[in-house]
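Since the structure comes first, as structure tokens, the remarks are kept for the end.
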Amino acid sequence: MVSLLLTGIGELTTHDPAHGGPLPDAALVVEAGRVAWTGSARSAPAADASSDLGGRAVVPGFVDSHSHLVFAGDRAEEFAARMTGASYSAGGIRTTVAATRAATDEQLAANLARLVAEMHRQGTTTVEVKSGYGLTVRDEARSLAIARQVTDETTFLGAHVVPPELADDPGAYVDLVTGPMLAACAPYARWVDVFCERGAFDADQARAVLAAGAARGLRGRMHANQLGPGPGVRLACELGLAAVDHCTYLSDDDVDALAASGTTATLLPGVEFSTRSPYPDARRLLDAGCYVALASDCNPGSCYTSSMPLCIALAVREMGMSPAEALHAATAGGARALGRDDVGHLRVGARADLAVLEAPSHLHLAYRPGVPLVRQTFVRGSEEHGPGTGLR
Ligand SMILES: [Zn+2]
Numbered sequence: 189m190v191s192l193l194l195t196g197i198g199e200l201t202t203h204d205p206a207h208g209g210p211l212p213d214a215a216l217v218v219e220a221g222r223v224a225w226t227g228s229a230r231s232a233p234a235a236d237a238s239s240d241l242g243g244r245a246v247v248p249g250f251v252d253s254h255s256h257l258v259f260a261g262d263r264a265e266e267f268a269a270r271m272t273g274a275s276y277s278a279g280g281i282r283t284t285v286a287a288t289r290a291a292t293d294e295q296l297a298a299n300l301a302r303l304v305a306e307m308h309r310q311g312t313t314t315v316e317v318k319s320g321y322g323l324t325v326r327d328e329a330r331s332l333a334i335a336r337q338v339t340d341e342t343t344f345l346g347a348h349v350v351p352p353e354l355a356d357d358p359g360a361y362v363d364l365v366t367g368p369m370l371a372a373c374a375p376y377a378r379w380v381d382v383f384c385e386r387g388a389f390d391a392d393q394a395r396a397v398l399a400a401g402a403a404r405g406l407r408g409r410m411h412a413n414q415l416g417p418g419p420g421v422r423l424a425c426e427l428g429l430a431a432v433d434h435c436t437y438l439s440d441d442d443v444d445a446l447a448a449s450g451t452t453a454t455l456l457p458g459v460e461f462s463t464r465s466p467y468p469d470a471r472r473l474l475d476a477g478c479y480v481a482l483a484s485d486c487n488p489g490s491c492y493t494s495s496m497p498l499c500i501a502l503a504v505r506e507m508g509m510s511p512a513e514a515l516h517a518a519t520a521g522g523a524r525a526l527g528r529d530d531v532g533h534l535r536v537g538a539r540a541d542l543a544v545l546e547a548p549s550h551l552h553l554a555y556r557p558g559v560p561l562v563r564q565t566f567v568r569g570s571e572e573h574g575p576g577t578g579l580r
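In structure tokens, the structure reads:
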């Protein structure tokens with residue numbers, strides 16, 4: 189079994205409580221795709237191969253727990269219109285639905301592969317991918333089958349928006365989602381999601397979708413409280429969902445419910461950036477004892493960034509998080525939102541998913557926004573992006 193020693197690490201973030209913070213002058217050994225050892229570079233064991241990182245920082249690979257990467261076309265014109273005065277509503281999703289239905293499987297898979305590669309170049313090593321731009325049995329099922337080729341974290345989001353052909357009969361669409369569509373999609377999905385928002389689905393509809401998914405063995409997550417206050421966050425907490433995402437408009441009761449339930453609040457600041465909306469108050473959630481994750485929500489409408497470093501920078505600059513809290517939310521927080529304990533940290537035994545930064549510390553992720561700081565990305569211990577100095 190070939191082992192790899194990464195040494196000369198200027199600062200190593202493991203999220204191991206025993207380390208009490210990032211380790212200076214560190215090393216890490218990878219074996220069989222897992223972290224086998226971490227500690228001071230001076231006491232590192234021998235390995236079959238080694239790479240000196242020259243004082244660069246190493247952080248856990250980002251866990252992007254919320255994205256919509258199976259689609260065709262883009263909505264750059266809609267973005268431009270929004271930036272010059274038009275307001276955002278969920279209805280623009282229908283533009284992407286039409287383009288996605290018209291695309292071939294090969295076109296959808298190629299666009300997905302392009303975006304996943306883009307994420308690897310920015311340090312993301314785990315990504316959740318949702319359906320939700322097909323909105324027919326055939327198009328949702330093929331979206332998930334294609335997503336399953338790149339990740340185990342696939343989410344059935346038939347309940348994204350009511351498609352135009354059923355705009356007059358949303359009840360019939362919920363019946364379709366919870367019946368034949370779910371039956372066709374469940375084999376390719378780990379999660380079921382619903383957009384609980386005015387203009388999308390109400391609390392009763394959300395409850396029906398999540399219950400039907402649960403009956404098929406799918407765990408629940410939810411989009412809620414993005415465009416205004418609503419019942420979604422409290423419903424997610426009541427149902428014990430792994431995560432409720434957006435959380436932009438929260439009442440005190442919502443925050444209390446999040447703190448009491450342990451449901452992870454996933455904040456998606458790229459959306460607020462790209463729709464010029466108020467940011468969620470991460471500080472309020474953290475101070476209340478809630479679990480917080482950061483994710484990209486990469487999608488062609490409300491937020492077409494795939495950059496977790498940008499989300500970290502926004503969370504620090506606009507949402508009251510410290511750089512360390514934002515990094516934790518973008519790694520361990522995302523892992524928790526996906527019910528995973530093998531990723532999002534670099535404790536011994538973790539999957540060896542990590543990013544080598546062209547920087548001496550993790551602080552630079554927020555301190556140098558917009559700069560391509562990820563020099564190398566390792567997934568399961570092999571180099572997925574970088575100059576080729578690690579094992580492949
Ligand atoms: Zn979303």
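Here the numbering used here is used: the first residue of the sequence shown is 189, the next is one more, and so on.
Backbone N, C-alpha and C fix where the C-beta goes; we use that ideal spot for every residue, glycine too.
Determine the closest residue to residue i out of the options, with distance taken between C-alpha atoms.
| i | options | result |
| --- | --- | --- |
| A501 | Y492, G418 and S484 | S484 |
| A206 | R535, A335, G401 and Q564 | R535 |
| G196 | V504, A215 and A453 | A215 |
| G249 | T436, L438, G576 and D530 | D530 |
| R472 | A260, A445, G508 and C486 | G508 |
| L303 | A412, G346, D433 and F259 | F259 |
| T519 | D236, V246 and P233 | V246 |
| A470 | E294, E513, H256 and A412 | E513 |
| A286 | T451, A235 and P351 | P351 |
| L423 | L415, A403, G401 and C384 | C384 |
| G198 | A448, L370, G367 and R244 | R244 |
| T436 | E506, A391 and A448 | E506 |
| A234 | V190, P210, L211 and G221 | V190 |
| R270 | S549, E426, E460 and L474 | E460 |
| G578 | P210, L542 and A547 | L542 |
| L332 | D363, D357, A297 and V362 | A297 |
| A232 | V217, Y361 and A291 | V217 |
| A391 | P419, A220, P212 and L211 | P419 |
| A264 | Y361, A547, Y492 and D440 | Y492 |
| E316 | V504, P488, A372 and R528 | R528 |
| D293 | G273, T272, G322 and G280 | G322 |
| S549 | D213, G208 and D204 | D213 |
| R230 | L211, D236, R222 and G221 | L211 |
| E571 | G558, P511, G221 and T272 | G221 |
| Y376 | D357, V338 and V382 | V338 |
| C486 | H434, D475 and V504 | H434 |
Nearer than 7 Å: is that true of the beta carbon of residue i relative to any heavy atom of ligand 1?
| i | result |
| --- | --- |
| N487 | yes |
| H254 | yes |
| H411 | yes |
Is it the case that the Cβ atoms of residue i and residue j are separated by a distance below 8 Å?
| i | j | result |
| --- | --- | --- |
| L526 | S253 | yes |
| V421 | V397 | no |
| R289 | D262 | no |
| L561 | L553 | yes |
| A538 | G569 | no |
| L406 | A374 | yes |
| S494 | E306 | yes |
| L300 | S238 | no |
| H348 | G311 | no |
| A335 | T342 | yes |
| F267 | S465 | no |
| T544 | L345 | A small fix is needed here, since residue 544 is Val in this sequence, not Thr. No; because the gap between Cβ atoms is not below 8 Å, this pair is not in contact. |
| A394 | M410 | yes |
| T452 | G428 | no |
| T202 | H533 | yes |
| S275 | K318 | no |
| V432 | A412 | yes |
| L370 | R330 | no |
| V380 | G359 | no |
| L446 | C425 | yes |
| L455 | A388 | no |
Tell me, to the nearest whole angstrom, how far the beta carbon of residue i is from that of residue j; I am working on the premise that it is less than 8 Å.
| i | j | result |
| --- | --- | --- |
| G458 | L515 | About 16 Å; that fails the 8 Å criterion. |
| T565 | T283 | With a Cβ gap of about 32 Å, T565 and T283 do not count as contacting. |
| R309 | D340 | So it is not a contact: roughly 21 Å between Cβ atoms. |
| G367 | R386 | Between R386 and G367 the Cβ distance is about 25 Å, and since that is not below 8 Å, they are no contact. |
| G574 | R556 | Not a contact, Cβ separation roughly 19 Å. |
Could you check whether the Cβ of residue i sits closer than 8 Å to any Cβ belonging to chain D?
| i | result |
| --- | --- |
| R556 | This model lacks chain D altogether, as it is built from one protein chain only. |
The stretch 518-525 touching the stretch 472-490, judged by at least three CB pairs closer than 8 Å: yes
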